[in-house]
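In the numbering used here, each residue's number is its place in the sequence shown (first place is 1) plus 70. Notes follow the structure.
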Amino acid sequence: MSDASLNNTQTQTGDAGFGDFFALLKPRVMSLVVFTALVGLLAAPVGIHPMVGFTAILFIAIGGGASGALNMWWEADIDRIMKRTRKRPIPSGRITEDEAFGFGMALAGISVVMLWLATNWVAAALLAFTIFFYVVIYTMWLKRWTPQNIVIGGAAGAFPPMIGWAAATGTVSIESILMFALIFMWTPPHFWALCLFVKSDYDAAGVPMLTATHGRRATRVHILVYTLLLAPLALGAAFTGIGGPVYLTVAVLCNAIFLKGAYDIWRRSEEVAEADNYKVEKKVFRFSLYYLFAHFTAILAESALAGYGLGGW
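Shown next as structure tokens:
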């Protein structure tokens, strides 16, 4: 892209619609934020008024969306390079970088203040820290500096259940920390599986993903190691206040499948993977999405059963 056309892309205004601003919020990522925060809120051992709970989830979602908008504002330069992000609102010219920044900052401020007013300062502080961590620590610093970016940066995506729990209880507990840890340890193998078959995008953008800095062989080893570390954590949660027989059944099944997938990724050569268009890697990545959903659904089921005196051990 020429400098002139790049400048035109950056300054174009007036073409943005509601859908473009909504796209800035990264709705697919927001859906995970909403779901895990809702599980954290409902799994908490205290009741919360439905309207308060709805308000809490709404502003947690808005805070997550604010993070997405500010992420797109900062990463507009590499979004213009990567094939899978070129059609986003900023690189396509439908929204300017200044508009995205103002939109994201406004939503961030509103979400934190309103969550504080609706629930408590602990939940609001966790939401504020989550936005700061994702935008400043991960997006501005880690992502372009270290191949461990997704490991440390994964903490941002792991905070929502803690925020939901805090919105209901006003505290942080071992159970909410375990939900955080489950997402935190799941993120690296989930994302590195993706990186194995979109490596060229990150290379072109100069993002130091593990596949680019250490190679695909090392990435395969890392996926297996993190999955091995994730499994006992996921299974151990079954014997805490958020677990029970239903959760344990789901955790055993899902972790057996995920470990088998990670092992299959580890043992494959690049020649074989490339020949079948990374079929196994794509399969494991897709399953990793179901993996997290299944665990948090099981936590929610245990909470519902407990309400009828049937959950837990």
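All C-beta atoms in this analysis are idealised placements derived from N, C-alpha and C, irrespective of residue type, glycine included. Source: prediction; values computed, not measured.
Neighbourhood of residue i by C-beta, 8 Å cutoff - its chain only, sequence neighbours within 5 removed
i: Met-152; result: Asp-271, Tyr-272, Ala-274, Ala-275
i: Trp-144; result: Val-205, Thr-209, Met-210
i: Val-350; result: Gly-331, Asp-334, Ile-335, Arg-338, Ala-343
i: Phe-363; result: Phe-105
Own chain, CB closer than 6 Å to residue i, minus 5 neighbours either side, in chain order
i: Val-192; result: Ala-236, Gly-240
i: Ala-371; result: Val-316
i: Thr-367; result: none
i: Thr-125; result: Ala-188
i: Asn-190; result: Gly-240
i: Ile-222; result: Leu-212
i: Gly-381; result: Gly-314, Glu-372, Leu-375
i: Ala-113; result: Ile-312, Ile-369, Ser-373
Rounded separation between residue i and residue j - CA only
i: Gly-379; j: Leu-196; result: 31 Å
i: Ile-220; j: Gly-117; result: 35 Å
i: Ser-75; j: Lys-96; result: With a pLDDT of 43 at Ser-75, under the threshold of 50, the predicted position of this residue should be treated as unreliable, and no value is reported.
i: Gly-123; j: Leu-111; result: 7 Å
i: Gly-306; j: Glu-245; result: 11 Å
i: Gln-82; j: Arg-214; result: Below a pLDDT of 50, predicted positions are generally treated as unreliable, and Gln-82, at 48, falls in that range; the measurement from the model is reported next regardless. The straight-line gap from Cα to Cα measures roughly 27 Å.
i: Pro-302; j: Ala-332; result: 15 Å
i: Gly-163; j: Pro-278; result: 26 Å
i: Leu-329; j: Leu-299; result: 10 Å
i: Leu-375; j: Ile-247; result: 22 Å
i: Phe-320; j: Asp-346; result: For the sequence presented, residue 320 should be read as Val rather than Phe. Roughly 30 Å between the two C-alpha positions.
i: Pro-120; j: Ile-327; result: 36 Å
i: Lys-352; j: Ile-293; result: 13 Å
i: Phe-129; j: Asp-149; result: 27 Å
i: Val-103; j: Tyr-348; result: 28 Å
i: Arg-286; j: Gly-224; result: 20 Å
i: Ile-180; j: Phe-229; result: 19 Å
i: Leu-108; j: Asp-85; result: 35 Å
beta-carbon residue i near the ligand MN non-hydrogen atom, thresh 7 Å
i: Leu-362; result: You won't find the ligand MN in this model; it holds no ligand whatsoever.
For residue j and residue i, believed in contact at Cβ under 8 Å, the rounded distance
i: Met-384; j: Arg-154; result: The structure shown does not extend to residue 384, since the chain is modelled only from 71 through 383, so no value can be given for it.
i: Pro-231; j: Phe-203; result: Their Cβ separation, rounded to whole angstroms, is 15 Å, which puts Pro-231 and Phe-203 out of contact at 8 Å.
i: Thr-283; j: Pro-217; result: 4 Å
i: Ala-139; j: Leu-94; result: 4 Å
i: Ala-178; j: Ile-201; result: 5 Å
i: Gly-234; j: Ile-253; result: With 8 Å as the limit, Gly-234 and Ile-253 do not qualify as a contact, their Cβ atoms being about 12 Å apart.
i: Phe-91; j: Phe-173; result: 6 Å
Cut-off 7 Å between Cβ atoms - residues of its own chain near residue i, not counting five sequence neighbours on either side
i: Thr-289; result: Trp-262, Cys-265, Leu-266, Leu-280, Thr-281
i: Tyr-296; result: Met-255, Pro-258, Pro-259
i: Asn-325; result: Ala-301, Ala-304, Leu-305
i: Gln-80; result: Unreliable placement is indicated for Gln-80, whose pLDDT of 43 sits below 50; no coordinate value is reported for it.
With a threshold of 8 Å, are at least 3 pairs of Cβ atoms found where one atom belongs to the stretch 130 to 137 and the other to the stretch 196 to 205? yes
Should the stretch 158 to 176 be called in touch with the stretch 99 to 109, which here means at least 3 C-beta pairs below 8 Å? no
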